[in-house]
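Here the structure comes first, spelled out in C-alpha cells, and everything after it is commentary.
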Amino acid sequence: MSTNDDHVSFATIRELGRMIRSGETTPTRLAEHFLGRLETIGPELNAVVTLTRERAMREAQLAEDELASGYDRGPLHGIPYGAKDLLATAGIPTSWGAEPLREQIFADDATAVKKLRDAGAVLVAKLAMIEMAGGMGYNQPVASLTGAPRNPWNRESWTGGSSSGSGAAVAAGLVPFAIGSETGGSILSPSSYCGLSGLRPSYGRISRHGAMALCWTLDKLGPMCHTADDTGIVLQALAGYDPADGSTLQQTYRYEPEIARSSGFRLGVLRQGLDLVQPEVNANFEAACTALGSVATLENVELPDYPYGDIYTLILSSEGAAAFEDLIERGVISGLTAPEDRLGGYAGLTVTAVEYLRAMRVRRRINDEVDALLSRYDAIVHPATNTVASPIGVNFDLFAKPWSRRNTLTSLGNLSGFPALSVMSGFGERGLPTGMQIAGRVGSESTLIAVGSAYQQLTDWHDQHPSD
Amino acid sequence: MSGSQSDERAAVVEARYQMLAARFGDRFDAAAEEKLRADLAKLVDAADALRALPLANGDEPDFVFPPVRRDG
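Going down the list, the sequences are from chains A and B.
Using the working numbering, the first residue of the first sequence is number 14, and each one after it goes up by one.
Using the working numbering, the first residue of the second sequence is number 34, and each one after it goes up by one.
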C-alpha cells in the first residue's frame, strides 16, 4: 500500500473513500490491510469471533470492479467493516457471544448486513460481544466465548459492552467502522470506554430483523466509528422501513451534513447525578461544555423524577426471559462463560404480566414528559459513562463504588427510544478515554451528529489513537 | 419498610423462588439458590417501587396492538 499504514488504519470512512476514488488504494488492498490487522491484533484484544476473509475478498473485488466501471454505490463502497456477532450472516457462524451457540448458523443475512452489502461495504469480521448481549446480568468482563475483551488504550482494562469487539476493533484500527447494538448502554459504553464516536439511533430507525433479540422494546442497532460524521454516513445506509421488522420507522433518513448547522445550538446540560461520576469524567465533561459554549447556548436541565432503573429492570428481565425462554428451559445457559450468567435468566420468568404492564404504562407517561423536555433543546449533554473502563478481573459493582454504575440519561434514553451520540471527551485514570453523550428527541440524529461534528472541529480527541 | 411489609416481601420472594425450584430445582446448588433469591428480591423491589406510582385507568401501556386486515 502506497500510503502510511497507520494513516489507513485510523482513517475515516470519508478519507478512505477519497483514497479509493483517487487511486491511492483499492477495496481489495483495504480488505487485505484490515484483515491482516484483525488476524494479528484482533486475538490480542479478544475482539474477533470469525474472520470473513472469503466473503470480504469477494465483496471487495466486486466493489473494485463496479467502481472501475463507473458504478458508484456511495460513500461506503469498498469500505471494510465489522459486525457484532448477533447479526446473522448467511452461512457464517453467529454465536451471540455464547459458547453453547458457537456453531449457530443462519441461512440469511440480517437486514442491516444486507443493506451494508447493497451500499458496497465489505464485511471483514464478526466481532466479539458479551454473551447474550449482557441480558443474563454479567457483572465482570469475562463473559464471552472469546474471553475478556481488552481495551486498546490499556489492555489490562476491558472495553465496555456488550458491543465489546466492535469497540475494540474500531479503536485499534482493525476496521474503519463497526455495527453494535444497544439495549441499556451497549453502544454508548464501549464507545465511551474506547474513545469512539458511537451512535445509538432512535428506536426503530434501523431494522433489527436478523439480529438477536434480547428485549424487543429496547433493542437498537447502531454505528461505531472514528467520527460523528462517519456515524451519519453509516446510519443513512442502514436506516429505513423494513416490513420484516414492524417496529421500524416509516420516515426515511437522509444524512445531509452540507446543510447542517455548525453553531447556534441550544443545549441542555444535565448535571444531575454528577456527584456520582468519577472526577476525571466530570472534569472532562465540564471542559467539553466550555468548548461547546463557543457554538451553543447552554442551560442546566433536570429530568423528570421517575424510578428509571426499576422500570428498565422489569422490562429487560421479563422480555429477556421471554426472548431466551427456550434456552433457559433447556438449560443451555448453563454453558455460558460468566458464572452469574448461567443463572441470570431465571428470575425474569417470574415477573407477572401485571407487573410488566405497569412498567409499560409508567413508560408511556415518561415518554410524553421527556419529549416535552427534549423539544426545548437541540440536544442534552451528559457524560456517556460515569467512569472509565474498569480493570479486567474486577467486579463492576466493586469498581463503581463510590460512584454509580448506572447512567440515568442512558437508562432514560433506552426506555424512551431517543437517540444519543457518544464522543470522546478526554482521558481519565489509567490512560483511558472518557466520553460525553449528546442526546435528543426521537428523529434528531442529524442534529446530534451536527453538535458532535462541531465539537470535533473544536477538539482533537477523536484524532487520538492507541498504539499497536 | 415495616415489619409486615418486610414479611410480605420475604413471602413473595420465597413464593417465586419455589416456583423456580419446582421447575428447575435440580439445577440449583446452595450458591445458586442464594443468587436467585437476590435476583428475585431485586425484581420484587422494582415492582413495589412502580406500584407506589399512581396510575389511572386511562394510562395505557406503551405499545399498540395493530389489528390486521389483508385484502385480496
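All C-beta atoms in this analysis are idealised placements derived from N, C-alpha and C, irrespective of residue type, glycine included.
query                                                                                                                           : result
Partners in chain A for B/Ala82, counting only beta-carbon separations shorter than 8 Å                                         : Pro320, Asp323
Cutoff 8 Å: B/Arg102 Cβ touching any chain A Cβ                                                                                 : no
Buried or exposed (CB count within 10 angstroms, at least 16 for buried), A/Ile346                                              : buried
Secondary structure of A/Asp258, DSSP reduced to three states                                                                   : strand
Beta carbon proximity, B/Met52 to chain A, threshold 8 Å                                                                        : yes
Same chain only: Cβ atoms within 8 Å of A/Leu99, ignoring 5 sequence neighbours per side                                        : Thr107, Trp109, Gly110, Met142, Ala146, Ser194, Ala224, Met225
Proximity below 8 Å, CB of A/Phe278 to CB of A/Met449                                                                           : no
Alpha carbon of A/Tyr266 to alpha carbon of B/Gly36, nearest angstrom                                                           : 56 Å
Short CB-CB distance (under 8 Å) between A/Arg68 and chain B                                                                    : no
CB contact below 8 Å: B/Arg42 versus chain A                                                                                    : no
Validate contact between the stretch 255-271 of chain A and the stretch 356-368 of chain A using beta carbons, cut 8 Å, 3 pairs : no
CB contact check: A/Asn427 to chain B, cutoff 8 Å                                                                               : no
Interface residues of chain B facing A/Arg378 [CB-CB closer than 7 Å]                                                           : Asp92
Test: A/Ser417 CB closer than 8 Å to a CB of chain B                                                                            : no
Contacting residues, own chain, Cβ-Cβ under 6 Å from A/Ser205 (five flanking each side not counted)                             : Ala397, Thr398, Ser435, Gly448
Minimum Cβ-Cβ distance from B/Phe98 to chain A less than 8 Å                                                                    : no
A/Glu116 and A/Thr230 closer than 8 Å at C-beta                                                                                 : no
Of the residues A/Ile118, A/Asp384, A/Glu112, A/Arg418, the one placed nearest A/Ser215, counting alpha carbons only            : A/Asp384
Simplified DSSP state of A/Phe47, which is helix, strand or coil                                                                : helix
Partners in chain A for B/Leu79, counting only beta-carbon separations shorter than 7 Å                                         : For clarity, residue 79 of chain B is Ala in the given sequence; the question names Leu instead. The answer, in chain order, is Asp323, Thr326, Leu327.
Near-chain B residues of the stretch 216-237 of chain A (beta-carbon distance less than 8 Å), N- to C-terminal order            : Thr230
Proximal residues to B/Gln38 (C-beta, below 7 Å), its chain only, five neighbours per side dropped                              : none
For A/Leu349 and A/Leu158, the rounded distance between their alpha carbons                                                     : 8 Å
Any non-hydrogen atom of the ligand ATP closer than 7 Å to A/Glu28 Cβ                                                           : No copy of the ligand ATP occurs in the structure displayed, which carries no ligand at all.
Residue from A/Val290, A/Gly148, A/Thr102, A/Leu461 whose Cα sits closest to the Cα of A/Ser175                                 : A/Gly148
Per-residue contacts from B/Asp62 into chain A (C-beta, under 9 Å)                                                              : Under the 9 Å cutoff, chain A gives no residues; its nearest Cβ is about 10 Å from B/Asp62.
First through last residue of the alpha helix (DSSP H) which encompasses A/His20                                                : 18-22
Rounded separation between A/Ile341 and A/Ile118 - CA only                                                                      : 20 Å
Simplified DSSP state of A/Met14, which is helix, strand or coil                                                                : Only weak support is given to the placement of A/Met14: the predicted model assigns it a pLDDT of 44, under 50, and the question is left unresolved by the model.
Unbroken stretches of the beta strand (DSSP E), 3 residues or longer, contained in the stretch 135-165 of chain A               : 135-140
B/Pro94 versus A/Asp19: straight-line alpha-carbon distance, rounded                                                            : 51 Å
Counted within 10 angstroms of its Cβ, other Cβ atoms place A/Gln469 as buried (16 or more) or exposed                          : buried
Pick from A/Gly286, A/Arg213, A/Leu287 that is closest to A/Leu251, judged by C-alpha positions                                 : A/Arg213
Which of helix, strand or coil DSSP assigns to B/Ser39                                                                          : helix
First and last residue of the uninterrupted beta strand (DSSP E) at B/Phe96                                                     : Per DSSP, B/Phe96 belongs to no beta strand (DSSP E) and is neither H nor E.
The stretch 381-397 of chain A: positions lying closer than 7 Å to chain B by Cβ                                                : none
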